[in-house]
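K.L.:
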Amino acid sequence: MIIMDYQKIGLRVGLEIHHELNTNEKLFCSCPTLLKTKEKPDSTIIRHHIPVAGETGKIDVAVVEEIKKRKKIIYEIYDDCDCLVDTDSEPPHRPNQEALKIALTIAELFHCSIFDEIQVMRKTIVDGSLPSGFQRTMLIGTDGWVETSMGKVEIEAVTLEEDSGRLIRKDNDSATFRLDRLGTPEVEIGTGKGIASPEHAREAAKAIGDIIRSTGKAKIREGSVRQDVNISIQGGDRVEGKHVPSLSLIPVVIEKEIKRQQELVKRGKKVSRDVRRVLPDGSTEFLRPLPGAARMYPETDVIPIRTDRLLKEARKNLPESLKEIIKRCQKLGLSEDLAKQLANSGHMELFGKFVKMFKVDPVLVAGVFVNTLRDLERREKLDVNQLSEKDFGELFELLSKGKVIKESIGDVLKLKLENEGLSITNCVEKLGLTPISENELKRMVKEIASKNKGAPKGKIIGLVMAKVRGKADPKAVMRIVEEMSQ
Numbered sequence: 002m003i004i005m006d007y008q009k010i011g012l013r014v015g016l017e018i019h020h021e022l023n024t025n026e027k028l029f030c031s032c033p034t035l036l037k038t039k040e041k042p043d044s045t046i047i048r049h050h051i052p053v054a055g056e057t058g059k060i061d062v063a064v065v066e067e068i069k070k071r072k073k074i075i076y077e078i079y080d081d082c083d084c085l086v087d088t089d090s091e092p093p094h095r096p097n098q099e100a101l102k103i104a105l106t107i108a109e110l111f112h113c114s115i116f117d118e119i120q121v122m123r124k125t126i127v128d129g130s131l132p133s134g135f136q137r138t139m140l141i142g143t144d145g146w147v148e149t150s151m152g153k154v155e156i157e158a159v160t161l162e163e164d165s166g167r168l169i170r171k172d173n174d175s176a177t178f179r180l181d182r183l184g185t186p187e188v189e190i191g192t193g194k195g196i197a198s199p200e201h202a203r204e205a206a207k208a209i210g211d212i213i214r215s216t217g218k219a220k221i222r223e224g225s226v227r228q229d230v231n232i233s234i235q236g237g238d239r240v241e242g243k244h245v246p247s248l249s250l251i252p253v254v255i256e257k258e259i260k261r262q263q264e265l266v267k268r269g270k271k272v273s274r275d276v277r278r279v280l281p282d283g284s285t286e287f288l289r290p291l292p293g294a295a296r297m298y299p300e301t302d303v304i305p306i307r308t309d310r311l312l313k314e315a316r317k318n319l320p321e322s323l324k325e326i327i328k329r330c331q332k333l334g335l336s337e338d339l340a341k342q343l344a345n346s347g348h349m350e351l352f353g354k355f356v357k358m359f360k361v362d363p364v365l366v367a368g369v370f371v372n373t374l375r376d377l378e379r380r381e382k383l384d385v386n387q388l389s390e391k392d393f394g395e396l397f398e399l400l401s402k403g404k405v406i407k408e409s410i411g412d413v414l415k416l417k418l419e420n421e422g423l424s425i426t427n428c429v430e431k432l433g434l435t436p437i438s439e440n441e442l443k444r445m446v447k448e449i450a451s452k453n454k455g456a457p458k459g460k461i462i463g464l465v466m467a468k469v470r471g472k473a474d475p476k477a478v479m480r481i482v483e484e485m486s487q
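Using my numbering, read the sequence shown as starting at 2 and increasing by one per residue.
1) Could you give the residue range of the beta strand (DSSP E) that holds PRO290?
2) Check whether the Cβ atoms of VAL245 and VAL254 lie closer than 8 Å to each other.
3) Would you mind reading off the limits of the alpha helix (DSSP H) that contains LEU1?
4) Here's the rule I'm using: 16 or more other beta-carbon atoms within 10 Å means buried, otherwise exposed. How should ASP6 be labelled?
5) Just mark ALA344 as buried or exposed, buried being the case when its beta carbon has 16 or more other beta carbons within 10 Å.
6) Go to VAL413, then tell me how far its alpha helix (DSSP H) extends in each direction, as first and last residue.
7) Kindly indicate which three-state DSSP category ASN386 falls into: helix, strand or coil?
8) Could you check what DSSP says for HIS94 in three-state terms: helix, strand or coil?
9) Kindly give me the distance between the Cβ atoms of LYS243 and LEU288, rounded to whole angstroms, as I take these residues to be in contact under 8 Å.
10) Over what stretch of residues does the alpha helix (DSSP H) that includes HIS201 continue unbroken?
11) Could you pull the start and end residues of the beta strand (DSSP E) that GLN8 belongs to?
12) Measure from the alpha carbon of ILE196 to the alpha carbon of each residue in ARG444, SER175, ILE221 and VAL14, then state which is nearest.
13) What's the gap between the Cα of PHE397 and the Cα of SER336?
14) Using only CA atoms, which one of TYR79, GLY145, LYS73 and SER451 lies nearest to PRO33?
15) Can you list, in chain order, the residues of its chain with a C-beta nearer than 8 Å to that of MET2? Leave out the 5 residues immediately preceding and following it.
16) Is it the case that the Cβ atoms of ASP238 and VAL272 are separated by a distance below 8 Å?
17) Over the uninterrupted beta strand (DSSP E) stretch that includes MET297, give me the two end residues.
18) Near MET349, which residues of its chain fall below 7 Å by C-beta distance, leaving aside the five closest residues on each side in sequence?
19) Cβ of ASP11 within 8 Å of Cβ of ILE74?
20) Leaving out five residues on either side along the sequence, give the residues of the same chain with a beta carbon under 6 Å from the beta carbon of LEU105.
21) Verify whether the separation of the beta carbon atoms of THR285 and ARG274 is less than 8 Å.
22) Can you tell me whether DSSP reads VAL303 as helix, strand or coil?
23) To the nearest angstrom, how far is the alpha carbon of ILE126 from that of GLU148?
24) State the beta-bridge partners of GLU264 as determined by DSSP.
25) Is it buried or exposed for PRO92, if we count other Cβ within 10 angstroms and need 16 for buried?
26) Which two residues bound the contiguous alpha helix (DSSP H) that contains GLY353?
27) Let me know the secondary structure DSSP gives MET2 once reduced to three states.
28) Any idea what DSSP makes of SER114, helix, strand or coil?
29) Going by the CB atoms, is the gap between PHE116 and ILE156 shorter than 8 Å?
30) Within the continuous beta strand (DSSP E) that includes ARG167, where are the two ends?
31) Identify the residues that DSSP records as bridge partners of ASP128: which are they?
32) Taking the CB atoms as reference points, tell me whether GLU378 and VAL369 lie closer together than 8 Å.
33) Exposed or buried, what is ALA206 when buried is set at 16 or more other beta-carbons lying within 10 Å of its beta-carbon?
34) Spatial neighbours of ASP211 within its chain, please: CB distance less than 6 Å, with the 5 preceding and 5 following residues excluded, ordered by chain position.
35) Could you tell me how far apart the beta carbons of VAL226 and HIS50 are, in whole angstroms, since I believe they sit closer than 8 Å?
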């Protein structure tokens, strides 16, 4: 096996980590940050994007390339999560103060120099994902760092921006975007010097993600995290690998791009400055030319934002480190693995709140936020982000009062997600999952045992559980069967 000398080949790697923030409202309007799944849109609009030179008099090369495609852009609009701001038919509102505070907190955690005043900028993007043709973005802090096993990696910039619309379908003539995600606040973390190898890039990306999630304000849903990798070697040029789907694929993408550039240099060919789409195996394909500085210009509809008040609040409430969170969770009885998963789930704040508020086993509460929600997402393909703090509060209150048992939690939440108008209590009643009393359970065990005289205890337990599924604790059933068999 040949070990590559990354310093000798002049490897330079930069990461761009995009992570949505878990706010109730979008960045420049008061619409909720929902994702629509199966519903048909309430309306659609069609637009064609045309390039216009900014104050510099130049049109960015990436913009020119995209416009050549001359695609018709279709936008799907939902009345409950989109408004005139999203369609660029109304000026942006005052920036979301919660999102600004979270971004300032993240910049502090990365030890950044934070600006006294933030200027909202427009970044030209004409792939159709934004009806306006630009993305609003704010530089929050610069010159920070994140610690890794190989030393500090520079954090060049922490940026707060609005997320784009979701691509639903496309063909040669048109592309359809859904505007539900458009405007969701997200931070972008850009690294500078310090990444020494492909594997080190993976470690740095994980460290960055851990810090963002430690705030408890990172949105956890499909597409909420996107990772781009910039790569160059001596004799080559900067290439951006767009949307690396997992941490484990980052080293693979870098290794394959190194080999691709080395082959081009060896054949005497120029390495072009491109954005390349990352494929499932870690290889890449051309997407568009790498954009330049000509696509950025000031947003004139939003006044500059003073940071002193929000920064003061952020500094007073800096979150614990991941290690501190895990240690605290372990004291409550959680395993190290469950504690890590909970810390990265985005539900740490709610976990702490409900453990204090209700007499419910902390391990059970953590299991709901980690395992139950994951199963609903993966197996049932449901958007668990539709569940509100009120929904969880109602669930844990019912659990603490013995009005629902832990084995039925998944069924209750599934019905709630499939029927938005129902409350958690309604779901329990509709499913007929109100727990039966101890006396009723004893009567049922006695009845089944009398009909199956001589049957082993295991069979009796199975017959009872089949009848009381979701309405009785299996441990209680086993205890009563054991008592009656003596």
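All C-beta atoms, glycine included, are put in the ideal place defined by N, C-alpha and C.
Source: prediction; values computed, not measured.
P.N.:
Quick answer:
1) The residue labelled residue 290 in the question sits at position 289 within the sequence shown. 285 to 290 is the span of the beta strand (DSSP E), which, as asked, contains PRO290.
2) Position 244 of the sequence shown, counting from 1, holds the residue named residue 245. Position 253 of the sequence shown, counting from 1, holds the residue named residue 254. At a Cβ-Cβ threshold of 8 Å, VAL245 and VAL254 count as neighbours.
3) The structure shown does not extend to residue 1, since the chain is modelled only from 2 to 487, so the question has no answer here.
4) As a position in the sequence shown, residue 6 is number 5, starting the count at 1. Its Cβ having fewer than 16 others within 10 Å, ASP6 is exposed.
5) To locate residue 344, count along the sequence shown from 1; it is residue 343. The residue is buried, with at least 16 neighbouring Cβ atoms inside 10 Å.
6) The residue you call residue 413 lines up with position 412 of the sequence shown. Taken as a continuous stretch (DSSP letters only), the alpha helix (DSSP H) holding VAL413 covers 410 to 419.
7) One-based indexing of the sequence shown puts residue 386 at position 385. Helix at ASN386.
8) Walking along the sequence shown from the start, residue 94 turns up at place 93. HIS94: coil per DSSP, three-state reduction.
9) The count along the sequence shown starts at 1 and reaches residue 243 at position 242. The count along the sequence shown starts at 1 and reaches residue 288 at position 287. Yes, they are in contact, since the Cβ atoms of LYS243 and LEU288 sit about 6 Å apart, within 8 Å.
10) To locate residue 201, count along the sequence shown from 1; it is residue 200. For HIS201, the enclosing alpha helix (DSSP H) starts and ends at 199 to 214.
11) For the purposes of this step, residue 8 is taken as the residue at position 7 of the sequence shown. Unbroken run through GLN8: none, as it is neither H nor E.
12) Numbered from 1 along the sequence shown, position 195 holds the residue referred to as residue 196. It is VAL14 whose Cα lies nearest to the Cα of ILE196.
13) Counting from 1 along the sequence shown, the entry for residue 397 is found at position 396. Counting from 1 along the sequence shown, the entry for residue 336 is found at position 335. Distance between the alpha carbons of PHE397 and SER336: 21 Å.
14) The residue labelled residue 33 in the question sits at position 32 within the sequence shown. Looking at the Cα atoms, TYR79 is the closest of the given residues.
15) The residue labelled residue 2 in the question sits at position 1 within the sequence shown. Only weak support is given to the placement of MET2: the predicted model assigns it a pLDDT of 44, under 50, and the value that follows is read from those uncertain coordinates. Within the same chain, MET2 has no close Cβ partners at all.
16) In the sequence shown, counting from the first residue as 1, residue 238 sits at position 237. In the sequence shown, counting from the first residue as 1, residue 272 sits at position 271. Yes, the pair counts as a contact, with Cβ atoms nearer than the cut-off.
17) Here the question's residue 297 lines up with position 296 in the sequence shown. Here the beta strand (DSSP E) through MET297 covers 297 to 299.
18) As a working note, residue 349 is residue 348 in the sequence shown. Excluding positions up to five away in sequence, the list reads GLY217, ILE326 and LEU343.
19) For the purposes of this step, residue 11 is taken as the residue at position 10 of the sequence shown. For the purposes of this step, residue 74 is taken as the residue at position 73 of the sequence shown. Asp is not the amino acid found at residue 11; the sequence shown has Gly there. Cβ distance not < 8 Å, so GLY11 and ILE74 don't count as in contact.
20) The count along the sequence shown starts at 1 and reaches residue 105 at position 104. Answer for LEU105: LEU311, LEU312 and ALA315, listed in chain order.
21) In the sequence shown, counting from the first residue as 1, residue 285 sits at position 284. In the sequence shown, counting from the first residue as 1, residue 274 sits at position 273. Taking 8 Å as the Cβ cut-off, THR285 and ARG274 do not qualify as a contacting pair.
22) Taking the first residue of the sequence shown as 1, we reach residue 303 at position 302. Three-state result, VAL303: coil.
23) For this step, residue 126 is matched to residue 125 along the sequence shown. For this step, residue 148 is matched to residue 147 along the sequence shown. When rounded, the separation of the alpha-carbon atoms in ILE126 and GLU148 is 33 Å.
24) Position 263 of the sequence shown, counting from 1, holds the residue named residue 264. Bridge partners of GLU264: none, in fact.
25) Along the sequence shown, one-based indexing puts residue 92 at 91. Of the residues assessed, PRO92 falls on the exposed side of the cut-off, its CB having fewer than 16 other CB atoms within 10 angstroms.
26) Start at 1 with the first residue of the sequence shown, and residue 353 comes out as number 352. Where GLY353 is concerned, the enclosing alpha helix (DSSP H) starts and stops at 349 to 358.
27) The residue given as residue 2 occupies position 1 in the sequence shown. Note that MET2 has pLDDT 44, beneath the 50 cutoff, so the model's placement of it is unreliable and no number is given.
28) Indexing the sequence shown from 1 puts residue 114 at position 113. In the structure shown, the three-state DSSP call for SER114 is strand.
29) On the sequence shown, position 155 is the one that residue 156 refers to. On the sequence shown, position 115 is the one that residue 116 refers to. No, Cβ-Cβ distance for ILE156 and PHE116 is not below 8 Å.
30) The residue labelled residue 167 in the question sits at position 166 within the sequence shown. Unbroken beta strand (DSSP E) run through ARG167: 167 to 171.
31) Reading the sequence shown from its first residue, position 127 is the one you call residue 128. Paired residue(s): none; ASP128 is not in a bridge.
32) Translated into positions along the sequence shown, residue 378 becomes position 377. Translated into positions along the sequence shown, residue 369 becomes position 368. Against a cut-off of 8 Å, the Cβ pair of VAL369 and GLU378 comes out as no contact.
33) Position 205 of the sequence shown holds residue 206. ALA206 comes out buried.
34) Here residue 211 is taken as the residue at index 210 of the sequence shown, counted from 1. So the list reads LEU323, once near-sequence residues are dropped.
35) Position 225 of the sequence shown holds residue 226. Position 49 of the sequence shown holds residue 50. That pair is no contact at about 27 Å.
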